[in-house]
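To start, the structure under review is shown below, and the notes come after it.
2 protein chains.
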Amino acid sequence: MQDRHHVVVVGGGFGGLQLVNGLAGAPVRITLIDRRNHHLFQPLLYQVATTLIATSEIAWPIRNLYRDRPEVTTLLGEVTGVDAGARTVTLKGGQAIGYDTLVLATGATHAYFGHDEWEPVAPGLKTLEDATTIRRRVLLAFEQAELEEDPVIRQALLTFTVIGAGPTGVELAGIIAEMAHRTLPSEFRRIDTRQARVILVEAGPRILAAFSEDLAEYARRELERLGVEVRTGTPVTACTAQGVTIGETFVASRTLVWAAGVQASPAARWLGIAEDRAGRAILGADLKAPGHDDIFVIGDTASVTYDGGKPVPGIAPAAKQQGAYVAKVIRARLSGAKQPGDFRYRHQGSLATIGRRAAIIDFGRFKMKGALAWWIWGIAHIYFLIGTRSRFAVAWSWFWTYLSGQHSARLITQKETVREKD
Amino acid sequence: MQDRHHVVVVGGGFGGLQLVNGLAGAPVRITLIDRRNHHLFQPLLYQVATTLIATSEIAWPIRNLYRDRPEVTTLLGEVTGVDAGARTVTLKGGQAIGYDTLVLATGATHAYFGHDEWEPVAPGLKTLEDATTIRRRVLLAFEQAELEEDPVIRQALLTFTVIGAGPTGVELAGIIAEMAHRTLPSEFRRIDTRQARVILVEAGPRILAAFSEDLAEYARRELERLGVEVRTGTPVTACTAQGVTIGETFVASRTLVWAAGVQASPAARWLGIAEDRAGRAILGADLKAPGHDDIFVIGDTASVTYDGGKPVPGIAPAAKQQGAYVAKVIRARLSGAKQPGDFRYRHQGSLATIGRRAAIIDFGRFKMKGALAWWIWGIAHIYFLIGTRSRFAVAWSWFWTYLSGQHSARLITQKETVREKD
Numbered sequence: 001m002q003d004r005h006h007v008v009v010v011g012g013g014f015g016g017l018q019l020v021n022g023l024a025g026a027p028v029r030i031t032l033i034d035r036r037n038h039h040l041f042q043p044l045l046y047q048v049a050t051t052l053i054a055t056s057e058i059a060w061p062i063r064n065l066y067r068d069r070p071e072v073t074t075l076l077g078e079v080t081g082v083d084a085g086a087r088t089v090t091l092k093g094g095q096a097i098g099y100d101t102l103v104l105a106t107g108a109t110h111a112y113f114g115h116d117e118w119e120p121v122a123p124g125l126k127t128l129e130d131a132t133t134i135r136r137r138v139l140l141a142f143e144q145a146e147l148e149e150d151p152v153i154r155q156a157l158l159t160f161t162v163i164g165a166g167p168t169g170v171e172l173a174g175i176i177a178e179m180a181h182r183t184l185p186s187e188f189r190r191i192d193t194r195q196a197r198v199i200l201v202e203a204g205p206r207i208l209a210a211f212s213e214d215l216a217e218y219a220r221r222e223l224e225r226l227g228v229e230v231r232t233g234t235p236v237t238a239c240t241a242q243g244v245t246i247g248e249t250f251v252a253s254r255t256l257v258w259a260a261g262v263q264a265s266p267a268a269r270w271l272g273i274a275e276d277r278a279g280r281a282i283l284g285a286d287l288k289a290p291g292h293d294d295i296f297v298i299g300d301t302a303s304v305t306y307d308g309g310k311p312v313p314g315i316a317p318a319a320k321q322q323g324a325y326v327a328k329v330i331r332a333r334l335s336g337a338k339q340p341g342d343f344r345y346r347h348q349g350s351l352a353t354i355g356r357r358a359a360i361i362d363f364g365r366f367k368m369k370g371a372l373a374w375w376i377w378g379i380a381h382i383y384f385l386i387g388t389r390s391r392f393a394v395a396w397s398w399f400w401t402y403l404s405g406q407h408s409a410r411l412i413t414q415k416e417t418v419r420e421k422d
Numbered sequence: 001m002q003d004r005h006h007v008v009v010v011g012g013g014f015g016g017l018q019l020v021n022g023l024a025g026a027p028v029r030i031t032l033i034d035r036r037n038h039h040l041f042q043p044l045l046y047q048v049a050t051t052l053i054a055t056s057e058i059a060w061p062i063r064n065l066y067r068d069r070p071e072v073t074t075l076l077g078e079v080t081g082v083d084a085g086a087r088t089v090t091l092k093g094g095q096a097i098g099y100d101t102l103v104l105a106t107g108a109t110h111a112y113f114g115h116d117e118w119e120p121v122a123p124g125l126k127t128l129e130d131a132t133t134i135r136r137r138v139l140l141a142f143e144q145a146e147l148e149e150d151p152v153i154r155q156a157l158l159t160f161t162v163i164g165a166g167p168t169g170v171e172l173a174g175i176i177a178e179m180a181h182r183t184l185p186s187e188f189r190r191i192d193t194r195q196a197r198v199i200l201v202e203a204g205p206r207i208l209a210a211f212s213e214d215l216a217e218y219a220r221r222e223l224e225r226l227g228v229e230v231r232t233g234t235p236v237t238a239c240t241a242q243g244v245t246i247g248e249t250f251v252a253s254r255t256l257v258w259a260a261g262v263q264a265s266p267a268a269r270w271l272g273i274a275e276d277r278a279g280r281a282i283l284g285a286d287l288k289a290p291g292h293d294d295i296f297v298i299g300d301t302a303s304v305t306y307d308g309g310k311p312v313p314g315i316a317p318a319a320k321q322q323g324a325y326v327a328k329v330i331r332a333r334l335s336g337a338k339q340p341g342d343f344r345y346r347h348q349g350s351l352a353t354i355g356r357r358a359a360i361i362d363f364g365r366f367k368m369k370g371a372l373a374w375w376i377w378g379i380a381h382i383y384f385l386i387g388t389r390s391r392f393a394v395a396w397s398w399f400w401t402y403l404s405g406q407h408s409a410r411l412i413t414q415k416e417t418v419r420e421k422d
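Residue numbers (UniProt numbering), protein chains in the order written: chain A, 1 to 422; chain B, 1 to 422.
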């Protein structure tokens with residue numbers, strides 16, 4: 001085993017796993033390195049943040065996924081650099097791990113456009129911890145409002161602002177509004193949670209820029225029907241613990257959620273290759289790091305175009321297609337077969353949900369909205385989960401919510417038990 | 001509603017909830033205050049710590065439980081004192097809440113017998129956060145061992161010590177040993193997790209002092225069959241990040257779990273009444289705080305005896321019986337009916353599991369052990385969970401583990417992503 005071609009994969013997201021899956025049976029040994037012990041199904045992370053499902057339903061221990069593949073070694077570690085000359089990656093702590101082929105699939109995190117000081121007051125949503133942080137803050141705001149005697153502070157506590165109106169922002173705002181207006185009213189005695197305001201702010205001219213205009217317009221009406229105030233065309237200019245400034249206007253809002261920008265992981269910098277504005281490594285259609293024949297970059301940390309210049313979007317299907325492509329390239333190299341042609345991204349469509357009953361689907365020619373779209377969205381997402389256990393658990397949580405109107409995972413956990421009062 | 005007799009209940013554990021349940025339909029209004037937003041089913045907390053079930057399966061938002069009882073107000077807040085003269089409880093932040101009758105059901109936490117400095121290295125198990133901390137440390141130890149090149153450090157990482165051999169200690173040690181010896185071996189490539197040592201330390205002469213000697217002996221043999229080293233009769237004299245000292249002997253062990261002592265909440269001190277060694281308020285058989293006709297103390301923070309001097313144990317059924325009793329007393333007072341006689345604890349029995357297939361049940365005259373006892377234990381615990389959702393979710397997690405041998409919730413979450421290396 002030790003003399004086999006050694007593929008090192010950094011990152012156990014959608015791209016990294018698809019690559020490892022694509023190399024099943026190939027004459028390689030694989031080391032898969034991730035900072036976390038689990039693969040995360042990010043498309044449903046907003047449902048953890050909004051108490052609909054539990055953390056363990058959308059996360060799987062990576063090493064457990066490859067327990068039946070003895071050629072795959074999983075390591076929990078943080079990569080801090082690549083030495084392309086020595087063909088090693090360096091782990092935090094100093095350990096170096098040699099490779100024959102290296103695949104960087106290290107993903108992206110949220111970006112605050114030069115305002116990193118906003119992060120503590122406006123957390124983004126990329127990890128399980130982010131999701132439990134948002135869950136805690138949303139639930140705590142209602143709890144503190146129930147205790148609060150000053151009506152002005154109470155209204156600030158009952159004002160929730162989601163910044164950025166892509167699918168994640170729309171999904172978060174929709175569920176928070178449903179919670180406030182439908183799930184929680186019977187549980188509070190001193191406040192009326194239906195008085196809560198949920199504001200969705202988008203700097204661009206409209207919400208859901210990746211979707212067609214009529215679908216985005218439908219989503220906007222559905223959000224408003226759920227009680228969300230949608231504000232487009234004005235950027236957020238300040239975020240503090242007291243509230244958010246939209247353009248020139250300050251809104252007292254104690255709970256902010258950031259769903260606006262992304263920043264790639266530093267893979268491009270490790271390699272010293274060109275990066276785009278978001279820090280993504282700029283690649284050709286072979287997904288190779290320019291100048292490095294044995295290093296590939298895939299997923300959210302790669303900047304690739306298709307169809308004559310459109311950027312490949314940072315979504316799970318794109319990362320998976322890239323992982324599958326690179327697996328084919330590696331297989332062909334090792335077997336001496338003809339190399340596959342250039343990577344060509346096939347856009348399968350965009351999906352987003354609004355609350356618990358409506359969704360929009362944009363497959364280009366085929367478009368769909370409403371309750372049936374929600375069911376298609378739900379079935380597709382359960383299908384893409386890994387393993388019977390999670391499929392069953394998520395289906396049960398949804399079914400339960402559907403039946404009872406109650407959410408499964410309304411827990412306030414971790415440190416910040418009570419936030420500072422004024 | 002506002003002119004009704006006002007019962008303030010501090011603590012939403014088994015005792016507090018049973019009291020509120022017992023007052024259904026009574027001419028009272030109730031304010032239920034807890035530091036946490038959820039009621040926790042502590043008897044299964046060790047299963048969260050050992051990755052068998054998810055946090056949300058054994059925790060319920062308290063206010064959700066009383067959504068259909070408009071006379072019950074739930075507040076998330078930390079009580080810091082009682083002013084019995086003014087008949088108010090004080091919340092952190094200064095708010096005072098008046099009462100006509102006060103019930104303190106504030107529970108207990110772990111105690112380190114004057115060695116609070118051991119807490120960071122040997123966490124106890126009382127809250128959901130404690131459970132995820134222990135889960136994280138156990139899983140991280142295996143991960144770090146897989147990365148570690150020094151065999152001495154590797155063995156220290158693969159040595160787990162549980163301190164205290166009551167039911168919780170026995171349950172934790174059993175599952176950790178099963179994980180190491182049965183669940184994990186196929187997932188690691190550089191270490192053999194079957195080399196892991198699990199040590200269960202008990203200062204007293206035998207494990208499971210609350211059980212009969214033959215059942216405790218059976219449990220000991222079962223633990224040893226699972227690979228647990230049981231050490232009785234010697235106290236732990238030091239805990240550090242490097243290991244544990246048992247009597248005079250140092251054992252290099254990077255993961256310690258504390259399951260030894262309890263310390264009551266400061267209810268007795270708030271009232272200025274006598275307390276026992278563990279800080280519990282010493283009460284007569286009327287469960288009233290001596291000298292306070294309108295204050296009751298129940299559950300783990302109360303020190304009560306039965307059957308001529310035996311202490312009522314700090315377990316869920318005892319707290320529930322006390323809650324039900326005090327509800328009856330309050331009802332009788334308000335209706336002018338005859339007061340119920342003294343509180344009399346009925347001991348229903350003790351249960352403990354060893355690993356995933358065996359349990360012991362001690363009902364006094366009736367004793368039982370083995371696989372059938374495990375099934376009775378499991379069915380009883382599912383029965384006592386609140387609501388269809390949780391019963392179903394826990395049953396599914398167990399069924400899944402039974403079927404596949406895999407655990408449901410093997411997640412490393414929160415801060416300490418990588419512990420300090422030497």
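Ideal placement from N, C-alpha and C gives every residue a C-beta, glycine not left out.
These numbers were taken from a predicted model, which means no experiment stands behind them.
Give the straight-line distance between the Cα atoms of residue i and residue j, rounded to the nearest whole angstrom.
{"i": "R357 (chain A)", "j": "L403 (chain A)", "result": "12 Å"}
{"i": "I62 (chain B)", "j": "L287 (chain B)", "result": "24 Å"}
{"i": "V121 (chain B)", "j": "E229 (chain B)", "result": "21 Å"}
{"i": "E57 (chain B)", "j": "S390 (chain B)", "result": "5 Å"}
{"i": "A54 (chain B)", "j": "V9 (chain A)", "result": "29 Å"}
{"i": "K310 (chain B)", "j": "N21 (chain B)", "result": "28 Å"}
{"i": "T249 (chain A)", "j": "V72 (chain B)", "result": "39 Å"}
{"i": "I163 (chain A)", "j": "R254 (chain A)", "result": "13 Å"}
{"i": "R269 (chain B)", "j": "E275 (chain B)", "result": "8 Å"}
{"i": "K290 (chain B)", "j": "T305 (chain B)", "result": "Inspection of the sequence shows that residue 290 (chain B) is occupied by Pro rather than by Lys. Near 15 Å, if we compare the C-alpha coordinates of T305 (chain B) and P290 (chain B)."}
{"i": "Q95 (chain B)", "j": "L271 (chain B)", "result": "18 Å"}
{"i": "A318 (chain A)", "j": "I298 (chain A)", "result": "9 Å"}
Do residue i and residue j have their CB atoms nearer than 8 Å?
{"i": "E171 (chain B)", "j": "Y46 (chain B)", "result": "yes"}
{"i": "Q321 (chain B)", "j": "R346 (chain B)", "result": "yes"}
{"i": "A141 (chain A)", "j": "D300 (chain A)", "result": "no"}
{"i": "W200 (chain B)", "j": "A238 (chain B)", "result": "A quick correction: the sequence has Leu, not Trp, at residue 200 (chain B). Taking 8 Å as the Cβ cut-off, L200 (chain B) and A238 (chain B) do not qualify as a contacting pair."}
{"i": "I191 (chain A)", "j": "L158 (chain A)", "result": "yes"}
{"i": "Q406 (chain B)", "j": "W400 (chain B)", "result": "yes"}
{"i": "A165 (chain A)", "j": "E222 (chain A)", "result": "no"}
{"i": "N37 (chain A)", "j": "E143 (chain B)", "result": "yes"}
{"i": "V329 (chain B)", "j": "Q339 (chain B)", "result": "yes"}
Helix, strand or coil: which one does DSSP assign to residue i?
{"i": "K92 (chain A)", "result": "coil"}
{"i": "H115 (chain B)", "result": "coil"}
{"i": "P43 (chain A)", "result": "helix"}
{"i": "D294 (chain A)", "result": "coil"}
{"i": "H407 (chain A)", "result": "coil"}
{"i": "V121 (chain B)", "result": "coil"}
{"i": "I386 (chain B)", "result": "coil"}
{"i": "K328 (chain B)", "result": "helix"}
Among the options, which has the Cα closest to the Cα of residue i?
{"i": "residue 427 (chain B)", "options": "B:P266, B:S303, B:D293, B:F296", "result": "Since the displayed chain B opens at 1 and closes at 422, residue 427 (chain B) lies outside it and no answer follows."}
{"i": "R225 (chain A)", "options": "A:D34, A:G16, A:T51, A:G355", "result": "A:G355"}
{"i": "T388 (chain A)", "options": "B:F384, B:A352, B:A219, B:S408", "result": "B:S408"}
{"i": "T240 (chain B)", "options": "B:G308, B:W258, B:Y325, B:V326", "result": "B:W258"}
{"i": "A252 (chain B)", "options": "B:G341, B:A332, B:A156, B:F160", "result": "B:A156"}
{"i": "E149 (chain B)", "options": "B:R189, B:G233, B:Q42, B:G77", "result": "B:R189"}
Less than 7 Å between the CB of residue i and some heavy atom of the ligand COA, yes or no?
{"i": "P167 (chain B)", "result": "Because no ligand of any kind appears in the structure shown, any question about the ligand COA cannot be addressed here."}
Pull out every residue of the stretch 19 to 46 of chain A whose Cβ sits closer than 8 Å to any Cβ of chain B, in chain order.
-> R35, R36, N37, H38
Next on the checklist: Give me the subset of the stretch 391 to 418 of chain A whose CB atoms are less than 9 Å from a CB atom of chain B, sorted by chain position.
Outcome noted: F392, A393, W396, S397, W400, S404, Q406, H407, S408, A409, R410, L411, I412, T413, Q414, K415, T417, V418
At a CB distance below 9 Å, what residues from the stretch 52 to 64 of chain B approach chain A? Give them in sequence order. I53, A54, T55, S56, E57, A59, W60, P61, R63, N64
Residues of the stretch 171 to 194 of chain A with Cβ closer than 8 Å to any Cβ of chain B, in chain order: Listed by position along the chain: S186, E187, F188, R189, R190.
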